[in-house]
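Here is the structure we will look at, set down as structure tokens.
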Amino acid sequence: MKLSKCFKHAFNMVIHSKLRSWLTIIGIVIGVASVIAITSLGAGMQQSLESQMSGLGSDLLTITPGYSKGGSMFRNRGGDSGSSTATEEEILLDRTDVQALKGISDIAFIETEVGGKVDVSFLGKMGSVSLTGVDQKVWSDVTTAVIAEGRLLDSADQNVVVIGGNLASSFFDQPLGINKMFTIEGSAFRVVGVLDDTSTRIYMPIQMTYQLLEDKDTDIYDSIILKVKDEEMLDETILKIEKKLKISRHVTDKDRDFSISSSKQMMETRMEMMGSVSLFLTAIAAVSLIVGAVGIANTMFTSVLEKTKEIGIMKAIGAKNRDILSIFLFNAALIGLVGGLIGVLCGVGVSSMMPMLMGSMPMSRGGSITLVTLNSVMLALGVSVAVGIIAGFIPAYNGSKLKPVDALRYE
Amino acid sequence: MVRKITGRIPLLEFENAWKIYKMGQINVPALKGISLKIYKGDFVAIIGQSGCGKSTLMNLAGCLDLPTKGKVFLKSHDISTLPESDLATMRGQTIGFIFQQYNLIPNMTAFENVMLPLEFLEYDDDDAAERTRKIMKLVSLEDKMHHLPSQLSGGQQQRVSIARCLASDPEIIFADEPTGALDSSTGIEILETLKRLWKEEGKTIIMVTHDLKLAKYAHTVIELKDGEIVNTQHKKK
Ligand SMILES: Nc1ncnc2c1ncn2[C@@H]1O[C@H](COP(=O)(O)OP(=O)(O)O)[C@@H](O)[C@H]1O
Ligand SMILES: [Mg+2]
Chain A
124 MKLSKCFKHA
134 FNMVIHSKLR
144 SWLTIIGIVI
154 GVASVIAITS
164 LGAGMQQSLE
174 SQMSGLGSDL
184 LTITPGYSKG
194 GSMFRNRGGD
204 SGSSTATEEE
214 ILLDRTDVQA
224 LKGISDIAFI
234 ETEVGGKVDV
244 SFLGKMGSVS
254 LTGVDQKVWS
264 DVTTAVIAEG
274 RLLDSADQNV
284 VVIGGNLASS
294 FFDQPLGINK
304 MFTIEGSAFR
314 VVGVLDDTST
324 RIYMPIQMTY
334 QLLEDKDTDI
344 YDSIILKVKD
354 EEMLDETILK
364 IEKKLKISRH
374 VTDKDRDFSI
384 SSSKQMMETR
394 MEMMGSVSLF
404 LTAIAAVSLI
414 VGAVGIANTM
424 FTSVLEKTKE
434 IGIMKAIGAK
444 NRDILSIFLF
454 NAALIGLVGG
464 LIGVLCGVGV
474 SSMMPMLMGS
484 MPMSRGGSIT
494 LVTLNSVMLA
504 LGVSVAVGII
514 AGFIPAYNGS
524 KLKPVDALRY
534 E
Chain B
828 MVRKITGRIP
838 LLEFENAWKI
848 YKMGQINVPA
858 LKGISLKIYK
868 GDFVAIIGQS
878 GCGKSTLMNL
888 AGCLDLPTKG
898 KVFLKSHDIS
908 TLPESDLATM
918 RGQTIGFIFQ
928 QYNLIPNMTA
938 FENVMLPLEF
948 LEYDDDDAAE
958 RTRKIMKLVS
968 LEDKMHHLPS
978 QLSGGQQQRV
988 SIARCLASDP
998 EIIFADEPTG
1008 ALDSSTGIEI
1018 LETLKRLWKE
1028 EGKTIIMVTH
1038 DLKLAKYAHT
1048 VIELKDGEIV
1058 NTQHKKK
């Protein structure tokens, strides 16, 4: 029998199949749908991380006081459970550090920042938000913030601020737009720029910040932001900075009291973590596919048993073993394919609903957090057909090997 | 293996053929050393009591089963030495089966059932459909082509199964109690059809029956008892 005819008969078998086959198909549907949903979530997050990575400036380094041996991402992993090495004396970053850094030729810009919580009010509505004091002379050179309206700070600025998108649009009862005045810790400030983000942060000249934040002393910094000249040389530059700071701060590897983190490193660590999480979830989804495969095998065994008499009839009128094998394999593959197709549809549906289910994710800046790729769809369909064929093989083979007399006698 | 040709060649030949079924430890001999020759154009009735081995003999002759001992030749081929796919082709091309229980595929229409053997023989689609229509007409079922077996009477179903067995224009037709499930007048109708095929189309027919009245249609009558041939009668032309 021609393969096209075997396919036709297999197709008819699926059409006429009982409820049981459809239940089997549901098994595959669930497996495929979860694989699609999870891989698309993974791919979407990967993509948004990547776009953030290019936006976040992979040529930036941040120096902060304090150091834990476990590394900057996992502060509690170190042997001494992350406690800073020097606790008696407060660790600070100050002008000497900036002076030391100025001696390194690989650094293009050095910017100093200080931050804290401040009370704000606008038209009678009050609240508390984060404030970052920035060195406005170089801030525009190192920041990754994108302006939506107005401008960034410049060197002549004093009582003006740049604010995050949400502080402007929704934090107060009334929108806080460009050139509006509002109160920070009792003093009036004018908005000169609104950022294209969803934060409620305020950026202002660092000298003003020292006046507002009582616990911060002038020329003491919470962090120093560096922009390197050559991104390719990032790792070497980090080593140079470490060396220089250790000398200027009179510390060794043992009592090191500062950390250097690069957004690139942080992103890479995050990517890695996400990669392994989505791999783990995919593995779980794959398990449900395996369960689906067992279901197909079970259905095929029953189906071959049910069709034993028909196999006998077909053999009596000229069916070869190969014909019977092909018909049943096609049947199993079709069950897999139908399950796969419905599964892909469900998976795409679930992943398009995912942003709603998960609320607004900090990771997604506007764009979708899921990404259904053609590759994953093709892979899922291929896998489900393969699963069908593999699961159906033994029953189909057994059926094809039946002796015509025995099959005909079967009731 | 092809036999040496000596004189008239039998279409079907049994040479001391045994069929022994194993039921656990016990051996049940269903055929005990059958030897017979059936020539082209014969109409053979195999009679005998229930359980005497008629169906077993039929299954061997029709390549549905192989002898435990001895040899069965179909068109001079030793069926025990033929590969599976050749046996299948033989069943599809040379042999047509008519069963007591019709054995139609329930999910297929009459038309599809009749066309099925042609699909196994890889006929061209148009040829197969054309031939199927012609044969449906021959058994007067042209108005029932798209009915499912369950929508047909017993006699009609048996006519579909006759049509199916004729589809590939076989040389031999095996009919195992073809009227067993039918009332006597429908049974006679079916036998008249077989007789017509024998007389007009020159088919060789081998029919199992336990009804002596029906055996009268045959030209040769072979009587089986406990797995052995006890009597062979040839009607005078
Ligand atoms: N598959 C089988 N396994 C065991 N015994 C069988 C089998 N088929 C037939 N027999 C036995 O072989 C004998 C002949 O059976 P069968 O050829 O069907 O007789 P008939 O068709 O003449 O009624 C019976 O005794 C039957 O029980
Ligand atoms: Mg019988």
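Keeping their order, the protein sequence lines are chains A and B. Quick note on this note's numbering: the first sequence kicks off at 124 and runs consecutively. Quick note on this note's numbering: the second sequence kicks off at 828 and runs consecutively. Ideal placement from N, C-alpha and C gives every residue a C-beta, glycine not left out. Model, not experiment: these values are computed from the prediction.
At a cut-off of 7 Å between C-beta atoms, A133(A) does not count as an interface residue with respect to chain B. Interface flag for M423(A) against chain B is unset, since no Cβ pair is found closer than 7 Å.
Restricted to the stretch 1006-1038 of chain B, the alpha helix (DSSP H) segments that are unbroken, complete and at least 4 residues in length are 1011-1028, listed in chain order.
Taken through DSSP and simplified to helix, strand or coil, D892(B) comes out as coil. With a threshold of 6 Å, the Cβ atom of K881(B) counts as near ligand 2, since some heavy atom of the ligand is closer than that.
For V855(B), the CB falls within less than 6 Å of some heavy atom of ligand 1. Taking 7 Å as the cut-off, the beta carbon of I434(A) is found no closer than this to the beta carbon of I450(A). Counting along the chain, the unbroken beta strand (DSSP E) around N854(B) starts and ends at 853-865.
I153(A) and V500(A) have their C-alpha atoms some 14 Å from each other. Under the DSSP assignment, N421(A) falls in the alpha helix (DSSP H) whose first and last residues are 386-429.
Interface residue (Cβ-Cβ distance to chain A less than 7 Å): E957(B) is not classified as such.
Under the three-state reduction of DSSP, Y848(B) is assigned to strand. Inclusion of G878(B) in the 6 Å shell around ligand 1 follows from its C-beta lying nearer than that to a non-hydrogen atom of the ligand. Neighbours of N444(A) across chain B, judged by C-beta separation under 7 Å: E911. Note on geometry: alpha-carbon atoms of A160(A) and T405(A) lie some 9 Å from one another. Scanning the stretch 265-324 of chain A from its first residue to its last, the whole beta strand (DSSP E) runs of 3-plus residues come out as 270-273, 283-286, 304-307, 310-318. Rounded to whole angstroms, D319(A) and S292(A) show a C-alpha spacing of 11 Å.
Relative to ligand 1, Y533(A) has its C-beta separated by 6 Å or more from all heavy atoms. Ranked by how close their Cα comes to the Cα of E1016(B), the residues I1033(B), Y1044(B), D1003(B), A994(B) have Y1044(B) in first place. Taking a cut-off of 8 Å on C-beta distances, the stretch 277-286 of chain A touches the stretch 320-332 of chain A, as three or more cross pairs fall below it.
Scanning chain B for C-beta atoms nearer than 7 Å to the C-beta of K128(A) yields E946, reported in chain order. A503(A) places its beta carbon less than 7 Å from that of V467(A). Residue state for A994(B) is assigned as coil, using DSSP reduced to three classes.
The C-alpha of N521(A) lies about 43 Å from the C-alpha of K1040(B). If you ignore the 5 residues before and after M423(A), its C-beta comes within less than 6 Å of the C-beta of A455, G515, P518, all in its own chain and listed in chain order.
The Cβ atoms of G418(A) and I458(A) lie no closer than 7 Å to each other.
Contact between G897(B) and G868(B) fails: their C-beta atoms lie close to 25 Å from each other, not under 8 Å.
Between H132(A) and V528(A), the alpha-carbon positions lie close to 22 Å from each other. At a cut-off of 7 Å between beta carbons, A455(A) makes no contact with chain B.
Of the other Cβ atoms in all chains shown, 16 or more fall within 10 Å of the Cβ of M917(B); this residue is therefore buried. Distances from the CB of Y950(B) to the heavy atoms of ligand 1 are all 6 Å or more. When R986(B), A1002(B), I865(B) are compared, the shortest CA-CA separation from F938(B) is found for R986(B). From the beta-carbon of F924(B), the residues of chain A found nearer than 8 Å are A439, I440. By the criterion of a C-beta distance shorter than 7 Å, V941(B) is surrounded in its chain by T959, I962, M963, V987, A990, R991, A994, once the five residues flanking it on both sides are discounted.
Burial check for E236(A): the Cβ neighbour count within 10 Å reaches 16 or more, so the residue is buried.
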